[in-house]
Every structure is written in C-alpha cells, then in structure tokens.
Amino acid sequence: MAEPLVTRFEALLSEERQCILAGDFGGLEPLGSRKAALFEELRQSADAGALRRIGTGLKRNQRLLSAAISGVREAERRVSLLTGAAAEFTTYDARGRQAPTGKARRALDGRA
Numbered sequence: 009m010a011e012p013l014v015t016r017f018e019a020l021l022s023e024e025r026q027c028i029l030a031g032d033f034g035g036l037e038p039l040g041s042r043k044a045a046l047f048e049e050l051r052q053s054a055d056a057g058a059l060r061r062i063g064t065g066l067k068r069n070q071r072l073l074s075a076a077i078s079g080v081r082e083a084e085r086r087v088s089l090l091t092g093a094a095a096e097f098t099t100y101d102a103r104g105r106q107a108p109t110g111k112a113r114r115a116l117d118g119r120a
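The structure is reproduced here in structure tokens:
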C-alpha cells in the first residue's frame, strides 16, 4: 500500500528539486501543503526502508535550499556594500578640501 505513496512523494521531491535549481521559489509554496499531506499518509503506512529513501530526498533538497538561501544572502550583502560605497564616495580639490560630487550614480543597472 505504501509503495504508490512513496513513488508520489519521490515525484513531489523531484518537482521541488527542479523548482529550487531553477530559482522558482514561488513554485515551492504550493508543493509544501502537498508534501505535508502525503507525508502524513506515509507516516501511517510506510516501512522504515521507504522512510529512509524519502529522508534521503528530503535531505538533498534541504541542502540545495540552504545553499540557495546562502547565495541570496551573499548577493544582498554584496549589493549593500556596492550601494553603500557609492553613497559614501568623497573627492577632494587641488587644495585638499572636500569637493562636492553631486548625487552618486547607481552602481547597478538592475539587469540579471
């Protein structure tokens, strides 16, 4: 009885993995409720071996998601450094006095 559930759960994990790899984080939200419901069914009927197989897929996706989150945080940090550096740009004239620079230009053009 549990084998069709295991197969469906593994297919769902594969779909989740594809969303993570593609950066489609919005696509993960609807998968969460489906995954929770399937897991409840599995918890009641699957054997230890099936649960280990599923656990392997869950851990793999968790590592991918953690890496994606780390990448986003690093990108945010770098953007913050770049915009902060542009805002703090200071020049000096020939006499050593601080010279006005006008508004700092945006360092990033927003293209991916």
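For the sequence shown, my numbering gives the first residue as 9, with consecutive numbering after it.
Heads up, the beta-carbon is just placed ideally off N, CA and C, and yes, glycines get one too.
With a cut-off of 8 Å on the beta carbons, I'd call residue i and residue j a contact; round off their distance for me.
i, j, result
"residue 99", "residue 91", "No, residue 99 and residue 91 are not in contact; Cβ-Cβ is about 18 Å, not under 8 Å."
"residue 72", "residue 49", "In fact, because the Cβ distance is near 25 Å, the residues do not count as touching under 8 Å."
"residue 69", "residue 21", "6 Å"
I need the boundaries of the alpha helix (DSSP H) containing residue i, first residue and last residue.
i, result
"residue 38", "36-53"
"residue 17", "10-30"
Taking just the CA atoms, how far does residue j sit from residue i?
i, j, result
"residue 88", "residue 81", "11 Å"
"residue 84", "residue 63", "31 Å"
"residue 107", "residue 97", "11 Å"
"residue 24", "residue 47", "14 Å"
"residue 75", "residue 40", "19 Å"
"residue 36", "residue 93", "35 Å"
"residue 18", "residue 65", "7 Å"
"residue 34", "residue 56", "32 Å"
"residue 67", "residue 15", "17 Å"
Please classify residue i as buried or exposed, where buried requires at least 16 neighbouring CB atoms within 10 angstroms.
i, result
"residue 77", "exposed"
"residue 45", "exposed"
Tell me whether residue i counts as near the ligand SAH, meaning its Cβ is closer than 7 Å to at least one heavy atom of that ligand.
i, result
"residue 89", "The ligand SAH is not part of the structure shown, which contains no ligands of any sort."
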